[in-house]
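J.: In order, the protein sequence lines correspond to chains A and B. Each residue of the first sequence is one higher than the last, beginning at 42 in the working numbering. Each residue of the second sequence is one higher than the last, beginning at 2 in the working numbering. Glycine is no exception: its CB is placed at the ideal position from the N, C-alpha and C atoms. The model shown is predicted, which means the values in this text are computed figures rather than measured ones. Dropping the structure in here first, questions after.
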Amino acid sequence: AQKITQTQPGMFVQEKEAVTLDCTYDTSDQSYGLFWYKQPSSGEMIFLIYQGSYDEQNATEGRYSLNFQKARKSANLVISASQLGDSAMYFCAMREGLGAGNMLTFGGGTRLMVKP
Amino acid sequence: NAGVTQTPKFQVLKTGQSMTLQCAQDMNHEYMSWYRQDPGMGLRLIHYSVGAGITDQGEVPNGYNVSRSTTEDFPLRLLSAAPSQTSVYFCASSTAGGKRAFFGQGTRLTVV
């Protein structure tokens, strides 16, 4: 079974609108971490946001927030007020275990295209 | 403020050639990893290290060797390159429970 599933291969959003990118995960560990990375066309991996399994509040970083629903095993990324520079691939990833460092399992990604 | 540095950025190899992809980090991180990214896909873990002298296999280790003699460096060796190893390779580092994995800029490898 897929450990990280991103069901939206591609999405369009109008500039200045909010958008939600879906991510569901599968793990039997109680301790895990969820990450979102952005990959622009230049290819680098840009860290966006992190949510730990024991964090009671949803993580936020500027225009990015993570809608963490533990019982449903979902960790959706919400981008508010989309900008043209948000056009990129977005990857959800999971680390299983407290001390697993950067051993991540990635989803297949969602390509976001922001329309002017 | 170097972070994670990978060299080279681009490489073309002939089938059967060997080469080493270099990765260095200056953040004193214990954990380092190598990933590959094939077109249109997410990253997949090749090998990882939890400290100097300790390495282990990830999801797709076949055809690759690693060693970690220092905290800073984690080279990835291709012993006999195959076209199936054409990919973009990323090195990453972090602390054990870090809330962020730091990635290098990637190495685009083509095997012909």
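1) Would you decide whether B:A5 is buried or exposed? Buried here means 16 or more other CB atoms lie within 10 Å of its CB.
2) Once the 5 residues before and after B:A53 are set aside, which same chain residues still bring their CB inside 7 Å of it?
3) If the cut-off is 8 Å on Cβ atoms, which residues from the region 97 to 117 of chain A count as contacting chain B, listed in chain order?
4) Taking the straight line between their C-alpha atoms, what separation do you get for A:F53 and B:L80?
5) Considering A:R136, what are the terminal residues of the beta strand (DSSP E) in which it resides?
6) Kindly indicate which residue of A:L118, A:G51, A:M144 has the alpha-carbon position closest to the one of B:V61.
7) With a threshold of 8 Å between beta-carbons, can A:L145 be considered close to chain B, or not?
8) Curious, which full-length alpha helix (DSSP H) runs of at least 4 residues does the region 81 to 115 of chain A contain?
9) Compute the Euclidean distance between the alpha carbons of A:G150 and A:P50, then round it to the nearest angstrom.
10) Give me, in chain order, the residues of the same chain whose beta-carbon lies closer than 8 Å to that of A:A100; leave out the 5 immediate sequence neighbours on both sides.
11) I'd like to know whether the C-beta of B:T108 is nearer than 8 Å to at least one C-beta of chain A.
12) For B:S94, which three-state DSSP category applies?
13) If we define contact as Cβ-Cβ less than 8 Å, is B:Y90 a contact residue for chain A?
14) Roughly how many angstroms separate the alpha carbons of B:C92 and A:D67, rounded to a whole number?
15) Would DSSP call A:L145 helix, strand or coil?
16) Where does the unbroken beta strand (DSSP E) through A:T151 begin, and where does it stop?
17) Please list, in chain order, all residues of the same chain as A:I45 whose beta carbon is under 7 Å from its beta carbon, the five residues on each side excluded.
18) If you run the structure through DSSP and keep just helix, strand and coil, what is A:L1?
19) Under the criterion of a Cβ to heavy atom distance below 7 Å, does A:S83 qualify as lining the ligand MN?
20) Among residues of its own chain, excluding the 5 on either side of A:P157, which ones have a beta-carbon nearer than 7 Å to its beta-carbon?
21) Just to confirm my understanding: we take A:V155, look at its own chain, exclude 5 residues before and 5 after, and list those with CB closer than 6 Å. What are they?
T.: According to the structure data:
1) One-based indexing of the second sequence puts residue 5 of chain B at position 4. The amino acid occupying residue 5 of chain B in the given sequence is Val; Ala does not appear at that position. The Cβ neighbour count for B:V5, taken over all protein chains shown within 10 Å, is at least 16; the residue is labelled buried.
2) The sequence position of residue 53 of chain B within the second sequence is 52, counting from 1. Around B:A53: R69, S70, T71, T72.
3) none
4) Here residue 53 of chain A corresponds to residue number 12 of the first sequence, with the count starting at 1. Here residue 80 of chain B corresponds to residue number 79 of the second sequence, with the count starting at 1. When rounded, the distance between both Cα atoms is 43 Å.
5) Here residue 136 of chain A refers to the residue found at position 95 when the first sequence is read from its first residue. 129 to 137 is the span of the beta strand (DSSP E), which, as asked, contains A:R136.
6) On the second sequence, residue 61 of chain B is found 60 positions in, with the first residue counted as 1. Nearest option by C-alpha distance: A:M144.
7) Your numbering for residue 145 of chain A matches position 104 in the first sequence. It does; some Cβ of chain B falls within 8 Å.
8) none
9) Reading the first sequence from its first residue, position 109 is the one you call residue 150 of chain A. Reading the first sequence from its first residue, position 9 is the one you call residue 50 of chain A. Roughly 7 Å separates the two Cα atoms.
10) Your numbering for residue 100 of chain A matches position 59 in the first sequence. Only I90, Y91, Q92, S106, L107, F109 meet the Cβ criterion.
11) Working through the second sequence from its first residue, we reach residue 108 of chain B at position 107. Not an interface residue.
12) Taking the second sequence and counting its residues from 1, the one referred to as residue 94 of chain B is at position 93. Here B:S94 sits in strand by DSSP.
13) The residue given as residue 90 of chain B occupies position 89 in the second sequence. Not one chain A Cβ lies under 8 Å of B:Y90.
14) Your numbering for residue 92 of chain B matches position 91 in the second sequence. Your numbering for residue 67 of chain A matches position 26 in the first sequence. Looking at the backbone, the Cα of B:C92 and that of A:D67 are separated by about 25 Å.
15) The residue labelled residue 145 of chain A in the question sits at position 104 within the first sequence. Three-state result, A:L145: coil.
16) As a position in the first sequence, residue 151 of chain A is number 110, starting the count at 1. Note, A:T151: beta strand (DSSP E), 151 to 156.
17) The residue you call residue 45 of chain A lines up with position 4 of the first sequence. Same-chain partners within the cutoff: C64, Y66, C133, A134, M135, T146, F147, G148.
18) Summary: the structure shown does not reach residue 1 of chain A, with chain A confined to residues 42 through 157, and so no result is reported for it.
19) What this structure holds is no ligand at all, so the ligand MN is not there to describe.
20) Here residue 157 of chain A refers to the residue found at position 116 of the first sequence. Excluding residues within five positions, the ones whose Cβ falls inside 7 Å are E56, L125.
21) Taking the first residue of the first sequence as position 1, residue 155 of chain A is located at position 114. Taken in chain order, the residues that qualify are V54, E56, S123, L125, D127, S128.
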